[in-house]
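Step one of this worksheet: look at the structure below.
2 protein chains.
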Amino acid sequence: MTTVTSPRVLAHPGRDEIRLENVLHALADPMRLRVVRELAAGEADLTCSDIELPVTKSTTTHHFRVLRENGVIRQTYQGTAKMNGLRRDDLEALFPGLLDRVLEAAEAQDRRLAHA
Amino acid sequence: MTTVTSPRVLAHPGRDEIRLENVLHALADPMRLRVVRELAAGEADLTCSDIELPVTKSTTTHHFRVLRENGVIRQTYQGTAKMNGLRRDDLEALFPGLLDRVLEAAEAQDRRLAHA
DNA sequence: CTCGTAGTTTGACTTCCATCGTACTACGGT
DNA sequence: ACCGTAGTACGATGGAAGTCAAACTACGAG
Numbered sequence: 050m051t052t053v054t055s056p057r058v059l060a061h062p063g064r065d066e067i068r069l070e071n072v073l074h075a076l077a078d079p080m081r082l083r084v085v086r087e088l089a090a091g092e093a094d095l096t097c098s099d100i101e102l103p104v105t106k107s108t109t110t111h112h113f114r115v116l117r118e119n120g121v122i123r124q125t126y127q128g129t130a131k132m133n134g135l136r137r138d139d140l141e142a143l144f145p146g147l148l149d150r151v152l153e154a155a156e157a158q159d160r161r162l163a164h165a
Numbered sequence: 050m051t052t053v054t055s056p057r058v059l060a061h062p063g064r065d066e067i068r069l070e071n072v073l074h075a076l077a078d079p080m081r082l083r084v085v086r087e088l089a090a091g092e093a094d095l096t097c098s099d100i101e102l103p104v105t106k107s108t109t110t111h112h113f114r115v116l117r118e119n120g121v122i123r124q125t126y127q128g129t130a131k132m133n134g135l136r137r138d139d140l141e142a143l144f145p146g147l148l149d150r151v152l153e154a155a156e157a158q159d160r161r162l163a164h165a
């Protein structure tokens, strides 16, 4: 039998367990906001290493975990890779328009700071 | 002369100094979100003590300062009281719709958790 | 089977942060 | 002038959070 203290099962909060404060906290970190923006930009899910961050691998793992545990992304194993996707549906159901406004705000701020 | 290491001048970031990450961080704390919601509820500005928080006075001061330094609220002295007001105009200009969505999300979550 | 790639885990370190208590300042009223 | 109320300042403390390095696991390819 294959009850192998399973490394492939990842704990995700249910939709009803997602909390606004946690989502805001998850989005408040520059690295994580960057990840979320990249996930939002592409339609398809991305692997962890598709997203380049100026930190080590372990730190990257940490940030992905925070995003997952706070209900912002969903992670699934695909062989050796780990696919990451935004939980748009859940977030939209719970907090309508919030994610999009954050993404727009991030875009706007980028433009603003570029012209500075 | 009256250069009294002035206690009545409060440092606020200019509109152009407000950063999304900082605003999100400021809003991510339950106490501070509570303050922001109460300020948003009433039209008029409120004093620090109008808003009851289950923490000591010093902690309250701390939270108001974080909100101010991150550009979420504006504080002005009115005699011995200190008036607090949301920087709706600035936030709306920088991050359109963001604050309102956060407030709505907070409301929605309250209702959701009440019916639980 | 062996190797490389992808990601995790653990532990350590440092900084940040929410909280408190106490002492202090500022202002208004009497 | 005095007192009370509103809020600040200053540690101190305990816990969370971001970061790294190094050792480890899991899977696919050759």
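Note that the protein sequences, when read in sequence, are chains A and B. My numbering applies: residue 50 is where the first sequence begins, and numbers increase by one. My numbering applies: residue 50 is where the second sequence begins, and numbers increase by one. Just so you know, even glycine gets a beta-carbon here, dropped at the ideal spot from N, CA and C.
Short of 7 Å from the beta carbon of A/V151, and not among the five residues preceding or following it, lie these beta carbons of its own chain, in chain order: L76. Burial is judged here by how many other beta carbons sit within 10 angstroms of a residue's own beta carbon; A/H164 has fewer than 16 and is exposed.
When Cβ-Cβ separations below 8 Å define contact, B/G146 makes contact with chain A.
Here the region 112 to 124 of chain A makes no contact with the region 65 to 82 of chain B; the two share fewer than three CB pairs at distances below 8 Å. Closest by C-alpha distance to A/E66, out of A/G146, A/L140, A/T129 and A/N133, is A/L140. Interface with chain A (8 Å Cβ-Cβ cutoff): B/A163 is excluded. Here the alpha carbon of B/R161 sits roughly 33 Å from the alpha carbon of A/C97.
Taking the Cα of A/E92 as reference, the smallest distance to any Cα among A/Y126, A/M80, A/M132 and A/L102 is reached at A/M132.
DSSP places A/L152 inside the alpha helix (DSSP H), whose first and last residues are L147 to A163. Around A/L69, the same chain offers F144 as residues with beta carbons nearer than 7 Å, after the five sequence neighbours per side are excluded. Taking C-alpha positions only, A/K106 is separated from A/A130 by approximately 14 Å.
Using a Cβ distance threshold of 8 Å, A/L135 and A/A89 count as a contacting pair.
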